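Read through the structure below, which is laid out as structure tokens, and then see the notes.
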Amino acid sequence: MNATRRRSEILAMIRDAGYVGIDALAARFDVTPQTIRRDVNVLSDDGRLRRMHGGAAWPDRNIAYGTRQVLNLAAKQSIARATAALIPDGASLSLGIGTTPEQVARVLAERGAAFTVITNNVAIANLLSDAGQIDITIAGGRLSDRGVVGEAAERVFSAYRVDFGIAGVGGIDPDGTLLDFTPDEVRARLAISRHCRHRLLIADASKFGRTASASGGRIDDTDTLITDLPPPEPIAAHLDRAGTRVIVAGEQDRVWQQETGR
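Written out as structure tokens, the structure is:
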């Protein structure tokens, strides 16, 4: 087994168990503890695991924004292109916090068309501020991880009825629950979802099964999920029962659509 596949399976084991010891991982993969420590160091350095004494744990806090900007970047860019393709020129949209919504904003800015954007994402507001044809409203409130959260942010989203609400998410539980890292993040995401005509959830495949401490909303409530790999069971089953549209942005910019519930 090569290192890439082994590290992927290490991530899956620790995601499911919460914590796994070095010796247990070495025995599972029939390699030395030193090899596992190197794997854990690599996974910890990019924020996907947390090193612990004698083992590794699943992170209980979000990864730093700067790290997330480059983590799974190709997948996020592919998702962004597929998402932007759904947005007609002149549309109004709300964009939530996170690095994948930031990539969507980047694609829309490059299009050179007019849009009305409501956001609580400071990075998005900065990015779009140079695009004179885009009208931007930014939520006010407490700044956290380049996002504005709190009651003021919720009020801004609630004051509009936009064409598209575009939100990322910290994690998607196998039972379909949507997860984020703070209750404020959840409330802002739900405000976006409640005050739009089309609810778009954008999430790369690393979010499937990823844990986070604050919950709110369900994947079943999403009109369209845009991701980079087909969702695993049982998440796919929830989408199928809800009739949610799933768009999978694949390799080499190939985009195909899987219409579930039909």
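Just so you know, we're using this note's numbering here: the sequence shown kicks off at 2 and counts up by one.
Here a beta-carbon is modelled for each residue, glycine too, at the ideal position from N, C-alpha and C.
Please read all numbers here as calculations on a predicted model, not as lab measurements.
Three-state class that DSSP yields for residue i in the structure shown
i: V58; result: With the sequence shown as reference, residue 58 is identified as Ala, and Val is not the correct amino acid for it. Three-state result, A58: strand.
i: R16; result: helix
i: D47; result: coil
i: D181; result: strand
i: H196; result: coil
i: V52; result: Note on identity: in this sequence residue 52 is Arg, with Val being the wrong assignment. Reduced to three states, the DSSP call for R52 is strand.
i: G244; result: coil
i: R329; result: The first residue shown for the chain is 2 and the last is 263, placing residue 329 beyond what the model contains.
i: S216; result: strand
i: V256; result: With a pLDDT of 41 at V256, under the threshold of 50, the predicted position of this residue should be treated as unreliable, and no value is reported.
i: L74; result: helix
i: G172; result: strand
i: D1; result: Residue 1 cannot be examined here, being either before or after the span of the chain that is shown, 2 to 263.
i: D224; result: coil
i: G22; result: strand
i: G1; result: Residue 1 falls outside the range modelled here, since the chain spans only 2 to 263, and no answer is possible.
i: V41; result: helix
Sequence-distant residues of its chain with Cβ nearer than 7 Å to residue i (five each side left out)
i: K77; result: T100, T101, Q104 and D205
i: L109; result: A85, I88 and F116
i: D90; result: A114 and A115
Residue from the options with nearest C-alpha to residue i
i: V41; options: R16, L12 and N122; result: L12
i: R219; options: P231, A250 and G171; result: G171
i: Y20; options: A57, G67 and A27; result: A57
i: T23; options: M53, H199, S9 and G48; result: In the sequence under discussion, the amino acid at residue 23 is Ile, which differs from the Thr named in the question. Minimum Cα distance to I23 is reached at M53.
i: V286; options: N73, A168 and I137; result: Because the chain in this structure spans residues 2 to 263, residue 286 falls outside the shown range and cannot be described.
i: A81; options: L180, I203 and T245; result: I203
i: P184; options: E155, L74 and S45; result: E155
i: L74; options: T36, R107, L179 and A160; result: R107
i: G210; options: D229, E234, L191 and R69; result: E234
i: V150; options: A132, D174 and T120; result: T120
Beta-carbon separation (whole angstroms), residue i vs residue j, contact threshold 8 Å
i: S216; j: F158; result: Incorrect: roughly 19 Å between the Cβ atoms, too far for contact.
i: N122; j: G148; result: 6 Å
i: H196; j: D224; result: The Cβ separation is near 14 Å, so there is no contact.
i: I139; j: A168; result: Between A168 and I139 the Cβ distance is about 16 Å, and since that is not below 8 Å, they are no contact.
i: D164; j: S93; result: 5 Å
i: F30; j: R7; result: 6 Å
Cβ shell of residue i (< 8 Å), same chain only, five flanking positions each side left out
i: P231; result: A237, V247, V249 and Q259
Proximity test, residue i beta-carbon vs the ligand PLP heavy atom, cut-off 6 Å
i: S159; result: With respect to the ligand PLP, the structure shown offers nothing to examine, as it has no ligands at all.
Close beta carbons around residue i, own chain, < 6 Å, minus the five adjacent residues each side
i: F181; result: First, the residue type needs correcting, since residue 181 is Asp and not Phe in the sequence shown. Excluding sequence neighbours, D181 sits near G171, V187, A213 and A215.
i: E227; result: It should be pointed out that residue 227 corresponds to Ile in this sequence rather than to Glu. I80, A83, T84, I203 and I248, listed in sequence order.
Pick out the complete alpha helix (DSSP H) segments inside the region 81 to 162, 4 residues or longer, and give them in chain order.
-> 100 to 112, 123 to 129 and 152 to 159
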